[in-house]
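Position in the sequence shown (first residue = 1) + 138 = my numbering.
In this text, a Cβ means the ideal position worked out from N, Cα and C, and glycines have one as well.
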Amino acid sequence: MFRTRDARPAGELLGYFKKAERRFGVEWEVLAAVMFSETKFGRVRSDSHAGAQGPMQFMPATWKAYGLGGDVQDPRDAVMGAANYLKATGAPRDYRRALHAYNPSQAYVNAILLHARQIRRDPRAYYAYYAWQVFVLTTEGERRLTGP
């Protein structure tokens, strides 16, 4: 069962991404791409099949080490924790290495970097990604979980 809820406003999340960029040097576009890929900006509220939690999908041990004492479910805290973790694992010097540590899938790394490049090229892309709806594939076909 997937649990969803409304995302925090796009401008509010953008503020969190930019604050984390200033503190840790991890580009806000990369942080936005991670949140988009992980939970569609916090819309998906279910834990992952592996037990990752929150809008940036942290495993409990990773959150304990990098979450800065915050709440894994709070978008502001989760973005700061993600920036802290990505910085510790190589960003911004080596985004591929840092993103692979975050999720050891080459397809994941490529997708995050592609989304971040698109946002960097045209910041309106952030709002387009933000507006995407959540769909799941069921035995009866696609089902939309969010949106009108």
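In whole angstroms, what separates the C-alpha of residue i from that of residue j?
{"i": "residue 242", "j": "residue 285", "result": "31 Å"}
{"i": "residue 233", "j": "residue 147", "result": "27 Å"}
{"i": "residue 239", "j": "residue 259", "result": "25 Å"}
{"i": "residue 88", "j": "residue 203", "result": "The question about residue 88 has no answer here: the residues shown for the chain are numbered 139 through 286."}
{"i": "residue 151", "j": "residue 247", "result": "22 Å"}
{"i": "residue 236", "j": "residue 177", "result": "19 Å"}
{"i": "residue 164", "j": "residue 142", "result": "28 Å"}
{"i": "residue 185", "j": "residue 195", "result": "8 Å"}
Please state whether DSSP places residue i in a helix, a strand or coil.
{"i": "residue 165", "result": "coil"}
{"i": "residue 149", "result": "helix"}
{"i": "residue 155", "result": "helix"}
{"i": "residue 279", "result": "strand"}
{"i": "residue 244", "result": "helix"}
{"i": "residue 182", "result": "strand"}
{"i": "residue 191", "result": "strand"}
Taking the beta strand (DSSP E) that residue i belongs to, which residues open and close that run?
{"i": "residue 142", "result": "Segment: none, residue 142 is in no beta strand (DSSP E) and carries neither H nor E."}
{"i": "residue 275", "result": "273-276"}
Verify whether the separation of the beta carbon atoms of residue i and residue j is less than 8 Å.
{"i": "residue 198", "j": "residue 207", "result": "no"}
{"i": "residue 192", "j": "residue 216", "result": "yes"}
{"i": "residue 271", "j": "residue 282", "result": "yes"}
Taking all protein chains shown into account, decide if residue i is buried (16 or more other Cβ within 10 angstroms of its Cβ) or exposed.
{"i": "residue 182", "result": "buried"}
{"i": "residue 140", "result": "exposed"}
{"i": "residue 187", "result": "exposed"}
{"i": "residue 221", "result": "buried"}
How would you write the range of the alpha helix (DSSP H) that residue i sits in, first residue to last?
{"i": "residue 215", "result": "213-226"}
{"i": "residue 262", "result": "262-268"}
{"i": "residue 199", "result": "198-204"}
When the cut-off is 8 Å and only beta carbons count, does residue i lie next to chain B?
{"i": "residue 153", "result": "This model lacks chain B altogether, as it is built from one protein chain only."}
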